[in-house]
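Asks: Taking the numbering used here, the leading residue of the sequence shown gets 3, the next gets one more, and so forth.
C-beta: ideal position from N, C-alpha, C; glycine also.
Just so you know, these numbers come straight off a predicted model, no measurement behind them.
Here it is, the structure in full.
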Amino acid sequence: MASLTIRRLDEALKRRLRLRAARHGRSVEDEVRTILREAAQGGAEPD
Numbered sequence: 003m004a005s006l007t008i009r010r011l012d013e014a015l016k017r018r019l020r021l022r023a024a025r026h027g028r029s030v031e032d033e034v035r036t037i038l039r040e041a042a043q044g045g046a047e048p049d
């Protein structure tokens with residue numbers, strides 16, 4: 003499985019991702035993976 007590193011992530015965005023992950027009962031890593039998968043499939047929901 004591939005790895006992806008994102009540098010210089012805005013603190014506000016990091017906080018929003020953490021809150022979104024908590025709402026969905028996932029880790030931040032799992033939440034970002036889900037967001038990327040949905041975006042790549044063309045079905046990302048706006049948050």
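1) Indicate whether GLU31 and ARG22 have their beta-carbon atoms separated by less than 7 Å.
2) Counting along the chain, where does the alpha helix (DSSP H) carrying ASP32 start and finish?
3) On the three-state DSSP scale, how would you describe LEU11?
Replies: This is what the structure holds:
1) Translated into the one-based positions of the sequence shown, residue 31 becomes position 29. Translated into the one-based positions of the sequence shown, residue 22 becomes position 20. No, these two residues do not count as a Cβ contact at 7 Å.
2) The sequence position of residue 32 within the sequence shown is 30, counting from 1. Where ASP32 is concerned, the enclosing alpha helix (DSSP H) stretches over 30-43.
3) One-based indexing of the sequence shown puts residue 11 at position 9. If DSSP states are grouped into helix, strand and coil, LEU11 belongs with coil.
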